[in-house]
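Sequential numbering of the sequence shown, starting at 7, is according to the numbering used here. Beta carbons: idealized from backbone N, C-alpha and C, even for Gly.
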Amino acid sequence: MSGHGAPIPMTSHKAGPLAGEAHVPGDKSISHRSLILGALSVGETRVTGLLEGEDVLGTAEAMCAFGAEVKRHDTGAWSIHGVGVGGFAEPEQVIDCGNAGTGVRLIMGCMATTPITATFTGDASLRSRPMGRITDPIALFGAASYGRSGGRLPMTIVGSREPIPVRYTVPMPSAQVKSAVLLAGLNAPGETVVIEKEATRDHTERMLVGFGADLKVEDTDEGRVITLKGQPELTPQTIAVPRDPSSAAFPVCAALITPGSNVLVPNIGLNPTRAGLFTTLREMGADLVFENEREEGGEPVADLRAKFSPDMSGIRVPEDRAASMIDEYPVLSVVAAFATGKTEMVGVKELRVKESDRIDAMARGLEANGVTVDEGVDFMIVHGMGPDGVPGGGTAKAHLDHRIAMSFMIMGVAAQKPVSVDDGAPIATSFPIFERLMGDLGAKITRDRS
């Protein structure tokens, strides 16, 4: 798993115009959920377009450890023969989720109401991330957890023998927490209710309905109320995974800041709970067009065309948009450096508990490359230097975080001097074809030899 091997220092050099089509990998969120819900169904689920990054492959291995049969076919399609809700077997080995915060939290949820025991670990980054936000709600179902101080991995979860349904208000905007509670509720009798005060990505709800669960969503004075009837028999599905908007962000943003660029990124999922970055970029003045808008598998999809945009201006990103673009703030901060004026990102304290403290990681890396940044617990302000004004020439620390590494590689395509990261190895967790894809568009990213 990424983070266990030797670091791979990388450098991105100033490039000419970027051009062509960027076929980014499948959506990571939907890929994780396809494997998990397929394993909880009775029969065979078929999946095409699955993201074959380390994070998702770790979830596939975990589903096998819990008794499902998961197979990749020569065509590139995947099949999952599920064991049904409540049918997980006790794994014989520790479940290593690598760098996958989504994977470990969702898997903890879906095993928490089955009377089995499982131990989870991950790489150095994942072992530093808080799991109390999952272990607290699954304890309400009757599950027990035993981990390191601070609620961190390695951690053993003992599933409930007699689960009870819960009514739970998510204390922070988190699709992972919401999803873990809903997955736990699948094997609890009666109705499990999850309330979120601020809407987060809704792939779990959409996919549960697609697999045959009895689930309803209501907007009330309390917030968004999701009610799930427990102990259904999920029906296997055929899933075509749309391409990942979080991965699309990198070639899109590279095109916007590189003179003369014109890049098409086809078949991108534009679920409203995921598309906040693209709305923000347009508000900044980006030449970003949605072509061939359509719906596939219940999800809105379009082809994104991004062209060099020298007249972008900094804005204040609305706080209520944070949940729909939480993974995209690192690359947005890079674009902000090439805009005119300041870009204010507020209500983003969740960035401090991602794969790294992303506010600190981006601020230090931007400063190392000549960009002024103000930061606080819950905000970051980037002072733009215009399309030709970013000096570059610095080295950023990736902190075992794939999005930090990729963001600084995007910065390097348009900065005056090359931009380096101390370790690009984590990129493989979510975007294993990143270097090749960017190279095919015209970027110059090299692996540095010691």
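Q | Continuous beta strand (DSSP E) assignments of at least 3 residues falling wholly in the segment 306-372 | A | 348-352
Q | Cut-off 6 angstroms between Cβ atoms - residues of its own chain near S85, not counting five sequence neighbours on either side | A | Along the sequence shown, read from residue 1 onward, the residue named residue 85 stands at position 79. Excluding positions up to five away in sequence, the list reads E50, R52 and K77.
**Q.** Straight-line gap, R322 to E350 (C-alpha atoms, nearest Å)
**A.** If you number the sequence shown from 1, residue 322 lands on position 316. If you number the sequence shown from 1, residue 350 lands on position 344. Whole-angstrom Cα-Cα distance: 5 angstroms.
Q: Taking A411 as the reference, give the member of G399, A434, G395 and M391 with the closest Cα.
A: Walking along the sequence shown from the start, residue 411 turns up at place 405. Measuring from the Cα of A411, the nearest candidate turns out to be A434.
Q) Where G266 and G216 are concerned, what is the direct C-alpha to C-alpha distance, given to the nearest angstrom? A) Within the sequence shown, numbered from 1, the residue matching residue 266 stands at position 260. Within the sequence shown, numbered from 1, the residue matching residue 216 stands at position 210. Their Cα atoms are separated by approximately 43 angstroms.
Q. Which residues bound the alpha helix (DSSP H) around I410?
A. Taking the first residue of the sequence shown as position 1, residue 410 is located at position 404. Segment H408 to G418, the alpha helix (DSSP H) holding I410.
Q: Please specify which runs of the beta strand (DSSP E), each continuous and at least 3 residues long, are wholly inside the segment 78-119, giving them in chain order.
A: 84-89
Q: Just tell me which of D250, E228 and V295 has its CA closest to the CA of A261.
A: Within the sequence shown, the letter at position 255 stands for residue 261. Minimum Cα distance to A261 is reached at V295.
Q) Sorted by chain position, which residues of the same chain lie with C-beta nearer than 8 angstroms to P257's C-beta, five sequence neighbours on each side aside? A) By 1-based counting over the sequence shown, the position of residue 257 is 251. Taken in chain order, the residues that qualify are L24, A28, V30, V269, V271, A312, L443, M444 and L447.
Q: Below 7 angstroms CB to CB, which residues in the same chain sit around P13 once its five sequence neighbours on both sides are set aside?
A: For the purposes of this step, residue 13 is taken as the residue at position 7 of the sequence shown. Once the five neighbours on either side are set aside, the close Cβ partners of P13 are D428, D429 and A431.
Q.
Suppose you measure from the CA of G275 to the CA of K423; what does that come to, to the nearest Å?
A. Counted from its first residue, the sequence shown places residue 275 at position 269. Counted from its first residue, the sequence shown places residue 423 at position 417. Distance between the alpha carbons of G275 and K423: 34 angstroms.
Q) Could you give the residue range of the beta strand (DSSP E) that holds L221? A) The sequence position of residue 221 within the sequence shown is 215, counting from 1. L221 -> beta strand (DSSP E) spans L221 to T226.
(Q) Measuring only from the beta carbon, is A260 closer than 6 angstroms to any heavy atom that is part of the ligand GDP? (A) The ligand GDP is not part of the structure shown, which contains no ligands of any sort.
Q) Considering only C-alpha positions, which residue in the set K355, T264, S436 and E381 is nearest to S180? A) As a working note, residue 180 is residue 174 in the sequence shown. That would be K355, whose Cα lies nearest to the Cα of S180.
Q. Among all the DSSP beta bridges, which residues are the ones paired with H19?
A. Here residue 19 refers to the residue found at position 13 when the sequence shown is read from its first residue. Per DSSP, K450.
Q. Given S185, which residues of its chain have a CB within under 7 angstroms of its CB, disregarding the five upstream and five downstream residues?
A. Residue mapping note: residue 185 aligns to position 179 of the sequence shown, counting from 1. The residues are L112, G115 and T210.
**Q.** Counted within 10 angstroms of its Cβ, other Cβ atoms place M137 as buried (16 or more) or exposed
**A.** Position 131 of the sequence shown, counted from the first residue, corresponds to residue 137. The residue in question, M137, is buried, as its Cβ has 16 or more Cβ neighbours within 10 Å.
Q: Please list the segments of the beta strand (DSSP E) lying wholly inside the segment 140-172, counting only runs of 3 or more residues, in order along the chain.
A: 150-154 and 158-164
Q.
Please state the DSSP three-state secondary structure of V199.
A. Taking the sequence shown and counting its residues from 1, one reaches residue 199 at position 193. Strand at V199.
(Q) From the DSSP secondary-structure annotation, give me the bridge partner or partners of T54. (A) Here the question's residue 54 lines up with position 48 in the sequence shown. In DSSP, T54 forms a bridge with A246.
Q.
Among D142, M415 and G390, whose alpha-carbon lies nearest the alpha-carbon of A402?
A. Translated into the one-based positions of the sequence shown, residue 402 becomes position 396. Checked all of D142, M415 and G390; the closest Cα to A402 is M415.
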